[in-house]
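J.: Residue numbers (my numbering): 339 to 483. For each residue, glycine too, the CB sits at the ideal point set by N, CA and C. None of the values given here were measured: they were computed from a predicted structure. Starting off with a structure, shown below.
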């Protein structure tokens, strides 16, 4: 059994976990769409800074909650602390079913797109084939895992 003192995360572990969560694969796909829809690089940078500030405010709120309510469980623990256990349970299930699966889908599609781009000089995909192949490679990774 793990002692309570050993069940802690250090500075390096916490930093790498947060950086890994922030970077993810969405940051490599999203800039193209933002620049295309914003119309200019300056406006897209303003959008990115706004979203970064919004995420920072969210992180600061979670820091406040984590220091005020020293229980493990994140959202579930914080909402349960208020006495709203059914809502906390529903939030946990919705997060598990929607957020986790959509994040995984983005990761797998990104993998498929990068694999098709890497194989394109060898195989020479047409546009329709590249799109379908990237989805198939991503789905193949999902089935493999």
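Suppose the cutoff is 6 Å on Cβ atoms and the five residues either side in sequence are ignored; what does the same chain contact list for residue 480 look like?
T.: By 1-based counting over the chain shown, the position of residue 480 is 142. The answer, listed in chain order, is 446.
J.: In whole angstroms, what separates the C-alpha of residue 432 from that of residue 443?
T.: Sequence index remark: in the chain shown, residue 432 carries index 94 (1-based). Sequence index remark: in the chain shown, residue 443 carries index 105 (1-based). Whole-angstrom Cα-Cα distance: 16 Å.
J.: Return the CA-CA distance between residue 371 and residue 439, expressed in angstroms with no decimal places.
T.: To locate residue 371, count along the chain shown from 1; it is residue 33. To locate residue 439, count along the chain shown from 1; it is residue 101. Distance between the alpha carbons of residue 371 and residue 439: 22 Å.
J.: Does DSSP put residue 402 in a helix, a strand or coil?
T.: Here residue 402 is taken as the residue at index 64 of the chain shown, counted from 1. Helix, per DSSP.
J.: Compare the beta carbon distance of residue 426 and residue 436 with 7 Å and say whether it is the shorter of the two.
T.: For the purposes of this step, residue 426 is taken as the residue at position 88 of the chain shown. For the purposes of this step, residue 436 is taken as the residue at position 98 of the chain shown. Not closer than 7 Å, so no.
J.: Identify, in the order they occur along the chain, each residue of the same chain with its Cβ nearer than 7 Å to the Cβ of residue 403, setting aside the five sequence neighbours on each side.
T.: Position 65 of the chain shown holds residue 403. So the qualifying residues of the chain are 416.
J.: Which residues mark the beginning and the end of the alpha helix (DSSP H) in which residue 463 is found?
T.: Position 125 of the chain shown holds residue 463. Where residue 463 is concerned, there is no enclosing alpha helix (DSSP H), given that its DSSP letter is neither H nor E.
J.: Can you tell me whether residue 387 is buried or exposed? The criterion is at least 16 other CB atoms within 10 Å of its CB, across all chains shown.
T.: Locating residue 387 in the chain shown gives position 49, counting from the first residue. The residue is exposed, with fewer than 16 neighbouring Cβ atoms inside 10 Å.
J.: Can you tell me the Cα-Cα spacing of residue 464 and residue 449, whole angstroms?
T.: Residue numbering aside, residue 464 sits at position 126 when the chain shown is read from its first letter. Residue numbering aside, residue 449 sits at position 111 when the chain shown is read from its first letter. Cα to Cα, residue 464 sits roughly 18 Å from residue 449.
J.: Residue 414 and residue 430 - do their beta-carbons sit closer together than 7 Å?
T.: Mapped onto the chain shown, residue 430 falls at position 92. Mapped onto the chain shown, residue 414 falls at position 76. Their beta carbons are under 7 Å apart, which means residue 430 touches residue 414 by this criterion.
J.: Would DSSP call residue 346 helix, strand or coil?
T.: Working through the chain shown from its first residue, we reach residue 346 at position 8. Three-state result, residue 346: coil.
J.: Confirm, please, whether the CB-CB distance from residue 376 to residue 382 is below 7 Å.
T.: As a first step, residue 382 must be located in the chain shown, where it is residue number 44. As a first step, residue 376 must be located in the chain shown, where it is residue number 38. For residue 382 and residue 376, yes; Cβs fall inside 7 Å.
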